[in-house]
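Number of protein chains: 2
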Amino acid sequence: MEIRQLRYFLTVAEELHFGRAAERLHIVQSAVSQQLRRLERELGTDLFTRTTRTVRLTEAGDRLLPYAREMLALQARAREAVDALRAEQAARVRLGTSSGLGERLDTLLAALARSAGHAPLELVTGSTEERLAQVRTGELDATLLRGERTEPGLEFLPLWQDALRVALPAHHPLAAREAVELARLAELPLRLSPPARNPALHDLVLRSCREAGFEPVPGPEFTNAQDTLAAIGYGTPSWTVFYAPHAEQLPVPGVVFRPLRDPEPTLRTYLAVRPGPPRAALRALIDACNAAADEAPGTPAAPQDARR
Amino acid sequence: MEIRQLRYFLTVAEELHFGRAAERLHIVQSAVSQQLRRLERELGTDLFTRTTRTVRLTEAGDRLLPYAREMLALQARAREAVDALRAEQAARVRLGTSSGLGERLDTLLAALARSAGHAPLELVTGSTEERLAQVRTGELDATLLRGERTEPGLEFLPLWQDALRVALPAHHPLAAREAVELARLAELPLRLSPPARNPALHDLVLRSCREAGFEPVPGPEFTNAQDTLAAIGYGTPSWTVFYAPHAEQLPVPGVVFRPLRDPEPTLRTYLAVRPGPPRAALRALIDACNAAADEAPGTPAAPQDARR
DNA sequence: TTACACTGATCGCGAACGGTGATCAATGCG
DNA sequence: CGCATTGATCACCGTTCGCGATCAGTGTAA
């Protein structure tokens with residue numbers, strides 16, 4: 369018993385005429401005959417009594433009729449449900465976010481809210497790898513991403529770049545300075561997250577230190593912002609770095625954030641998307657990203673890929 | 369979207385494992401993959417996110433799931449409904465009846481009620497032709513039938529034979545007699561139904577009259593028992609015939625029924641069935657017919673076909 | 001009663017589909 | 001870094017599906 373057969377059955381039951389039913393179904397009459405014969409054989413009962421002049425439902429056909437109707441209605445509703453979901457999803461943007469975006473994210477959301485196609489936005493967190501994989505599979509429309517990256521099959525739109533801030537104990541002598549020259553941190557242990565977690569940041573910090581003429585003293589691992597800040601504020605003196613916009617928003621119990629100098633490490637933020645023309649909702653998101661990059665304080669990024 | 373695909377979908381959704389689902393469905397894994405791919409292509413959405421290690425429902429799959437469940441449940445119920453009907457029909461006997469059976473029918477019903485497999489009996493009326501056609505198509509299990517008949521593809525079991533009674537106006541001189549010699553009716557108009565309605569009866573009456581040495585005077589057509597009896601009782605004197613058991617049960621306002629003599633016309637009653645071994649319910653009916661033929665008053669018919 | 005139009009069943013054919021078994025590719029575990 | 005597991009893919013074969021042509025039964029009209 370397949371849905372096709374039930375549809376044919378229902379049509380014949382309504383028309384009581386094989387030829388007209390076939391016409392309504394856009395197939396030839398013999399196909400209707402065959403499918404119904406097959407269905408009847410499977411059920412072990414005739415569904416119609418047919419002469420060449422009259423077609424009539426049998427008792428069995430009469431019993432089957434309401435079920436056939438309901439199944440076809442159900443099938444239609446199932447289709448509608450799936451289609452409705454697709455429509456919802458088409459009008460929705462799913463954006464992967466990296467942590468520590470600070471005010472950047474607010475600016476971006478505000479820009480998107482202002483834009484014409486202000487489709488509902490869904491923010492999704494996850495590791496960089498997960499987010500990129502989800503962009504690739506289409507589960508995400510795009511993801512924000514810190515640092516350069518070469519990923520075949522994905523496109524990276526540069527948005528803005530953020531400086532890093534050093535986080536120091538408030539009571540440390542260097543905390544008194546407006547900005548901190550990197551070389552002055554040579555003796556202080558550095559708390560960094562493992563390279564795998566954020567290679568771009570890891571590389572940037574090490575490179576900058578070397579440029580400033582020293583190899584940093586590895587301190588305890590950077591686990592998460594709250595614990596690490598607490599450890600810096602009240603434990604053994606040490607330092608770490610935060611993205612400037614993130615630092616602006618962090619509570620500062622015993623910790624101060626200072627700009628870095630000589631060199632001033634900065635990391636670019638990208639929007640990773642699938643190649644090809646973006647759909648309307650994503651188009652609006654990209655525009656909002658560019659608008660946020662333009663209007664936000666701090667260093668703007670390289671010329672934008674307009675993707676028009 | 370076919371039911372097969374929904375069944376596969378449901379199984380995979382339950383197992384979250386293509387291999388196990390295939391096993392449960394008694395097909396190979398690749399077939400499951402293919403059908404689901406086809407379904408997903410038709411719906412325009414993935415239903416599962418699969419890696420080689422994990423299978424997970426997508427949002428679309430989640431939406432489809434309850435519909436798939438319901439459709440399969442509905443399909444099962446449809447099957448049950450049809451099967452239940454077949455079971456009902458298997459335990460039911462549909463018997464075509466000819467009119468005017470009188471007490472014969474009561475005897476038959478009583479015999480059937482006494483029999484072991486007292487399946488519900490359904491009596492169906494209709495013209496002789498209709499009833500025979502229905503026996504042929506299986507719509508009827510059997511039909512009672514008056515008079516000889518040659519119908520290829522049907523079997524006729526002789527049951528009993530009934531004499532005819534002449535119906536006369538109560539005030540007619542012949543009504544005074546115990547029995548009426550046919551020849552005495554030569555001058556009286558005869559009301560008969562048209563030959564097509566009941567050829568056997570028509571032939572029998574004409575043949576008997578000729579045997580008695582006269583050609584009957586055709587009167588108005590026999591339409592139905594009530595009207596014809598009224599016409600005989602209160603209109604122009606005329607006569608007609610009834611089957612003896614029928615006559616026994618008819619009200620007699622102004623009409624009397626008398627046996628006929630020289631000759632005494634009798635008509636045999638048959639049970640028409642499809643050839644081949646009868647199913648249990650029909651078997652019981654045939655037995656009851658034979659029992660009724662044996663015990664009933666009047667002339668029994670020829671030796672029975674036991675059909676065992 | 002005969003001729004005819006209508007209608008469902010049947011048949012042969014080509015294309016599509018469904019299931020199988022073999023193989024490939026990726027993924028997570030040890 | 002192997003290795004077992006697992007879903008996807010492919011070639012193949014039997015079945016199903018739809019088509020067009022034709023047949024056969026039926027009711028109507030001449």
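Chains A and B, in that order, give the protein sequences.
Residues in the first sequence are numbered from 369 upward in steps of one, following the numbering used here.
Residues in the second sequence are numbered from 369 upward in steps of one, following the numbering used here.
C-beta: ideal position from N, C-alpha, C; glycine also.
Can you check whether the C-beta of residue i is within less than 8 Å of a C-beta belonging to chain A?
i	result
residue 494 (chain B)	no
residue 370 (chain B)	yes
residue 446 (chain B)	yes
residue 611 (chain B)	no
residue 412 (chain B)	yes
residue 450 (chain B)	yes
residue 508 (chain B)	no
residue 438 (chain B)	yes
Residue j and residue i - do their beta-carbons sit closer together than 8 Å?
i	j	result
residue 377 (chain A)	residue 411 (chain A)	no
residue 656 (chain B)	residue 476 (chain B)	yes
residue 679 (chain B)	residue 389 (chain B)	Lying outside 369 to 676, the shown extent of chain B, residue 679 (chain B) is not represented and no answer is given.
residue 403 (chain B)	residue 437 (chain B)	no
residue 471 (chain A)	residue 616 (chain A)	yes
residue 653 (chain A)	residue 463 (chain A)	yes
residue 634 (chain B)	residue 531 (chain B)	yes
residue 538 (chain A)	residue 624 (chain A)	yes
residue 523 (chain A)	residue 619 (chain A)	no
residue 629 (chain B)	residue 550 (chain B)	yes
residue 469 (chain B)	residue 641 (chain B)	no
residue 445 (chain A)	residue 435 (chain B)	yes
residue 480 (chain B)	residue 492 (chain B)	no
residue 392 (chain A)	residue 383 (chain A)	yes
residue 647 (chain B)	residue 529 (chain B)	no
Decide if residue i is buried, meaning its Cβ has at least 16 other Cβ atoms within 10 Å, or exposed.
i	result
residue 394 (chain A)	exposed
residue 614 (chain B)	buried
residue 608 (chain B)	buried
residue 430 (chain A)	exposed
residue 424 (chain A)	exposed
residue 573 (chain A)	buried
residue 387 (chain A)	exposed
residue 443 (chain A)	buried
residue 584 (chain B)	buried
residue 505 (chain B)	exposed
residue 419 (chain A)	exposed
Which residue's Cα is closest to the Cα of residue i: the options?
i	options	result
residue 458 (chain A)	A:545, A:588, A:488	A:488
residue 465 (chain A)	A:441, A:603, A:512	A:512
residue 610 (chain B)	B:467, B:663, B:577	B:467
residue 660 (chain A)	A:506, A:442, A:397, A:478	A:478
residue 500 (chain A)	A:654, A:379, A:638	A:638
residue 582 (chain A)	A:552, A:454, A:590	A:552
residue 622 (chain B)	B:628, B:557, B:533, B:543	B:543
residue 473 (chain A)	A:484, A:460, A:490	A:490
residue 612 (chain A)	A:497, A:534, A:398	A:534
residue 747 (chain A)	A:580, A:520, A:396, A:592	Since the first and last residues shown for chain A are 369 and 676, residue 747 (chain A) lies out of range.
residue 627 (chain B)	B:546, B:469, B:482	B:546
residue 486 (chain A)	A:460, A:419, A:498, A:517	A:460
residue 514 (chain A)	A:507, A:570, A:586, A:448	A:570
residue 360 (chain A)	A:518, A:496, A:432, A:631	Look at the range of chain A in this structure, 369 to 676, and you will see that residue 360 (chain A) is not part of it.
residue 556 (chain B)	B:564, B:587, B:580	B:587
residue 447 (chain B)	A:380, A:578, A:369, A:503	A:369
Among all the DSSP beta bridges, which residues are the ones paired with residue i?
i	result
residue 396 (chain B)	Residue 396 (chain B) is not bridged to any residue.
residue 464 (chain A)	A:492, A:511
residue 641 (chain B)	B:510, B:523
residue 610 (chain B)	B:533
residue 518 (chain A)	Its beta-bridge partners do not exist; DSSP assigns none.
residue 423 (chain A)	A:418
residue 636 (chain B)	B:529
residue 627 (chain B)	B:533
residue 583 (chain B)	Per DSSP, none; premise fails for residue 583 (chain B).
Does the beta carbon of residue i come closer than 8 Å to any beta carbon on chain B?
i	result
residue 395 (chain A)	no
residue 454 (chain A)	yes
residue 432 (chain A)	yes
residue 427 (chain A)	yes
residue 435 (chain A)	yes
residue 442 (chain A)	yes
residue 375 (chain A)	no
For residue i, verify whether its CB is less than 7 Å away from any heavy atom of the ligand HEM.
i	result
residue 401 (chain B)	Annotation note on the ligand HEM: not contained in the displayed structure, which lists no ligands.
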